[in-house]
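Asker: If you read the sequences in order, they're chains D and R.
Per the working numbering, the very first residue in the first sequence carries number 229; after that it's consecutive.
Per the working numbering, the very first residue in the second sequence carries number 289; after that it's consecutive.
We put the beta carbon where it would ideally sit given N, CA and C, even for glycine.
What you are looking at is a predicted structure, and each value in this text was computed from that prediction instead of being measured.
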Amino acid sequence: MKYLIGLTMALGLFAGSAPLFAHHGSAAFDTGKQVVMKGTVTKWFWANPHCFLSFDAQDENGNVAHWVVETSNPPDMINRGWTKQSFKPGDQVTATVEPVKNGQPVGRLLQVVLPDGKTLYASKGGNPGPGN
Amino acid sequence: MPKRFVASMVAVAVVLIFSACTYAQEQEVARQPGAVYDFDKKGEKPGPAPKRDLSGVWEPAAGPGAGIHATGAGEMPSDGKAEHELPYTDEGRKTFMAHKPTFGITQVPSALTNDPMPGCDPQGFPRILLHNFRTSRIIQTPQNVVILYEFNKKWRTIWTDGRQLPKDPESPTWGAPDAPEARWWGYSVGKWTDDYTFVVDSNGFDDRTWLDNAGRPLSDRLHVTEVYHRVDDVHLDMTVTIDDPTMYTKPWVALKLRLRLQKPGLDIREMECAPSETQEYNKEFANPAAGIDGK
Numbered sequence: 229m230k231y232l233i234g235l236t237m238a239l240g241l242f243a244g245s246a247p248l249f250a251h252h253g254s255a256a257f258d259t260g261k262q263v264v265m266k267g268t269v270t271k272w273f274w275a276n277p278h279c280f281l282s283f284d285a286q287d288e289n290g291n292v293a294h295w296v297v298e299t300s301n302p303p304d305m306i307n308r309g310w311t312k313q314s315f316k317p318g319d320q321v322t323a324t325v326e327p328v329k330n331g332q333p334v335g336r337l338l339q340v341v342l343p344d345g346k347t348l349y350a351s352k353g354g355n356p357g358p359g360n
Numbered sequence: 289m290p291k292r293f294v295a296s297m298v299a300v301a302v303v304l305i306f307s308a309c310t311y312a313q314e315q316e317v318a319r320q321p322g323a324v325y326d327f328d329k330k331g332e333k334p335g336p337a338p339k340r341d342l343s344g345v346w347e348p349a350a351g352p353g354a355g356i357h358a359t360g361a362g363e364m365p366s367d368g369k370a371e372h373e374l375p376y377t378d379e380g381r382k383t384f385m386a387h388k389p390t391f392g393i394t395q396v397p398s399a400l401t402n403d404p405m406p407g408c409d410p411q412g413f414p415r416i417l418l419h420n421f422r423t424s425r426i427i428q429t430p431q432n433v434v435i436l437y438e439f440n441k442k443w444r445t446i447w448t449d450g451r452q453l454p455k456d457p458e459s460p461t462w463g464a465p466d467a468p469e470a471r472w473w474g475y476s477v478g479k480w481t482d483d484y485t486f487v488v489d490s491n492g493f494d495d496r497t498w499l500d501n502a503g504r505p506l507s508d509r510l511h512v513t514e515v516y517h518r519v520d521d522v523h524l525d526m527t528v529t530i531d532d533p534t535m536y537t538k539p540w541v542a543l544k545l546r547l548r549l550q551k552p553g554l555d556i557r558e559m560e561c562a563p564s565e566t567q568e569y570n571k572e573f574a575n576p577a578a579g580i581d582g583k
């Protein structure tokens with residue numbers, strides 16, 4: 229198990245040597261800003277050019293926003309331990325997101341805590357970073 | 289020595305050996321289902337290079353991300369630094385500025401790009417090398433070298449039967465009965481200059497493609513030179529040089545990448561560009577991210 233975790237992190241380090249959001253850059257994102265939200269998964273889209281996770285999250289006023297947050301493509305995410313089965317509708321998750329600049333509930337998923345408490349990282353070495 | 293003691297020691301040894309094999313096997317399977325990459329390890333001593341042999345499955349030696357160059361050609365990224373400024377002609381600079389890539393110093397949000405590739409148009413050659421070089425399989429036959437590329441499941445043929453490249457870049461053809469046509473992937477010929485160095489020349493490109501992911505331009509006068517040097521039994525060094533007198537005033541080196549040989553049974557993952565999936569991504573994510581209401 230330790231070997232698997234170590235290798236996963238090492239692969240993350242290697243894979244993060246260049247931006248892996250290889251089709252779509254950072255122009256739309258509020259680079260450096262991070263928002264942490266609890267939400268209920270509605271969809272997990274596992275496909276090129278990017279996977280994306282949709283979830284409903286309630287803000288401090290009780291309003292529900294429907295968020296759509298992207299990761300890299302399936303082969304890159306497999307290298308980080310994600311799979312097509314990582315989420316199902318109804319899962320309660322805690323997502324760390326880099327939102328877009330225009331205020332829409334859209335962003336880049338940096339990491340997510342699953343219902344079982346496990347954390348999946350979308351970027352290198354467990355350190356969420358824009359564009360990685 | 290008592291027989292019972294010897295039997296016990298043999299039993300312990302058998303258990304230990306079995307456990308080690310099982311552990312190794314479990315680690316091998318658990319490491320990455322379906323794709324067990326080999327990367328460079330400290331202190332390893334590779335064996336000698338085989339002669340005239342490029343065949344096998346190859347992965348960037350530094351890891352899967354080492355071949356991904358989102359901000360443009362690896363040796364000359366579009367990052368605004370003076371040393372990475374390309375030697376554009378006036379036409380080259382004008383064409384570059386007309387491109388709206390999603391990476392590099394001229395990047396735009398993905399929904400506003402005019403990059404032909406995200407909509408599943410072919411990225412073509414040499415962009416497959418300069419943008420998303422991933423796991424690749426090289427197959428050698430007596431007449432040619434065929435390379436299968438993971439990214440968007442593409443392949444190309446490099447002819448080694450002595451044929452010459454098309455002479456007329458505006459009407460490229462191998463000759464009758466083939467009609468002239470520019471190709472997304474161009475025309476490629478290759479030869480061994482010594483037992484460990486394979487040089488490939490390519491021309492005849494369709495200029496609808498971009499040279500790299502940062503929108504660098506190419507024209508029908510592009511000539512690409514690849515040099516593959518077999519370093520040892522597990523390493524292959526790849527160098528790519530761009531020569532396009534319409535777009536650039538002189539040749540320039542776009543990529544230097546060391547590749548590592550993988551196990552023959554490595555399953556190259558599927559990466560397809562499906563228009564339906566791209567449309568869904570644009571509708572759910574890219575359009576809202578750019579403030580476009582496409583719903």
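Is there at least one Cβ from chain R nearer than 7 Å to residue 350/D's Cβ?
Answerer: Not one chain R Cβ lies under 7 Å of residue 350/D.
Asker: Does any residue of chain B have a CB that is nearer than 7 Å to the CB of residue 278/D?
Answerer: As a matter of chain content, chain B is missing from the structure shown, whose protein chains are D and R.
Asker: So what does DSSP say about residue 501/R, is it helix, strand or coil?
Answerer: Looking at residue 501/R - three-state DSSP - the assignment turns out to be coil, as it is neither helix nor strand.
Asker: Would you check whether the ligand SAH has a heavy atom nearer than 6 Å to the C-beta of residue 404/R?
Answerer: In the structure shown, the ligand SAH is absent, as is every other ligand, since no ligand is present at all.
Asker: As a quick exercise: from 573/R, 443/R, 447/R, 463/R, pick the residue whose alpha carbon is nearest that of residue 472/R.
Answerer: The shortest C-alpha separation from residue 472/R is found at 443/R.
Asker: Given that a residue counts as buried once 16 or more other Cβ atoms are within 10 Å of its Cβ, and exposed if not, what is residue 496/R?
Answerer: Residue 496/R should be labelled exposed.
Asker: Can you confirm whether residue 292/D, when its beta carbon is compared against all beta carbons of chain R, has any partner nearer than 7 Å?
Answerer: Answer no: the Cβ-Cβ gap between residue 292/D and chain R never drops below 7 Å.
Asker: Can you confirm whether residue 260/D, when its beta carbon is compared against all beta carbons of chain R, has any partner nearer than 7 Å?
Answerer: For residue 260/D, the answer is no, since every Cβ of chain R falls outside 7 Å of its Cβ.
Asker: Could you check how far apart the C-beta atoms of residue 399/R and residue 519/R are, in whole angstroms? I think they sit under 8 Å.
Answerer: Wrong, their Cβ atoms sit about 43 Å apart, outside the cutoff.
Asker: Check whether the Cβ atoms of residue 500/R and residue 381/R lie closer than 7 Å to each other.
Answerer: No, the pair does not count as a contact, with Cβ atoms beyond the cut-off.
Asker: For residue 255/D, go through chain R and note every residue whose CB falls closer than 9 Å to its CB, in chain order.
Answerer: Chain R residues near residue 255/D: 390, 391, 395, 396, 397, 398, 400, 578.
Asker: Answer with yes or no whether the minimum CB distance from residue 334/D to chain R is below 7 Å.
Answerer: Answer yes: the Cβ-Cβ gap between residue 334/D and chain R drops below 7 Å somewhere.
Asker: Are residue 343/D and residue 335/D touching if we call contact CB-CB under 7 Å?
Answerer: The answer is no: Cβ separation not under 7 Å.
Asker: Is the segment 363 to 375 of chain R close to the segment 445 to 459 of chain R, with three or more CB pairs under 8 Å?
Answerer: Counting Cβ pairs under 8 Å, fewer than three are found: no touch.
Asker: What does residue 566/R touch in chain D if you count any residue whose Cβ is under 7 Å from its own?
Answerer: Ordered by position in chain D, the residues that pass the 7 Å Cβ test against residue 566/R are 277.
Asker: Taking buried to mean at least 16 other C-beta atoms within 10 Å of its own C-beta, is residue 563/R buried or exposed?
Answerer: Exposed, by the Cβ-count rule.
Asker: For residue 580/R, which residues does DSSP report across the bridge?
Answerer: Looking at the DSSP assignment, residue 580/R forms no beta bridge with any residue, so it has no partner.
Asker: For residue 283/D, which of 271/D, 291/D, 290/D has the nearest alpha-carbon?
Answerer: Of 271/D, 291/D, 290/D, the residue nearest in Cα terms is 271/D.
Asker: List the residues of chain R whose Cβ lies closer than 7 Å to the Cβ of residue 298/D, in chain order.
Answerer: Within chain R, the residues near residue 298/D are 573.
Asker: Which stretch, first to last residue, makes up the alpha helix (DSSP H) that contains residue 382/R?
Answerer: First-last of the alpha helix (DSSP H) with residue 382/R: 378 to 386.
Asker: Out of curiosity, what's the CA-to-CA distance linking residue 524/R and residue 426/R?
Answerer: Roughly 11 Å separates the two Cα atoms.
Asker: From this set, 349/D, 255/D, 310/D, which residue's C-alpha is nearest residue 325/D's C-alpha?
Answerer: Comparing Cα positions, the closest option is 349/D.
Asker: Keeping to the same chain, check which residues put their C-beta closer than 6 Å to that of residue 295/D; ignore five residues upstream and five downstream.
Answerer: For residue 295/D, where only same-chain residues beyond five positions count, the Cβ hits under 6 Å are 283, 285, 333.
Asker: Whether or not the segment 503 to 520 of chain R and the segment 324 to 332 of chain R are in contact is what I'm after, with contact meaning three or more pairs of Cβ atoms, one per stretch, closer than 8 Å; do they touch?
Answerer: Contact fails: fewer than three Cβ-Cβ distances are below 8 Å.
Asker: Can you pull the chain D residues whose beta carbon is under 8 Å from the beta carbon of residue 361/R, in chain order?
Answerer: Result: empty, since nearest Cβ-Cβ is about 12 Å, beyond 8 Å.
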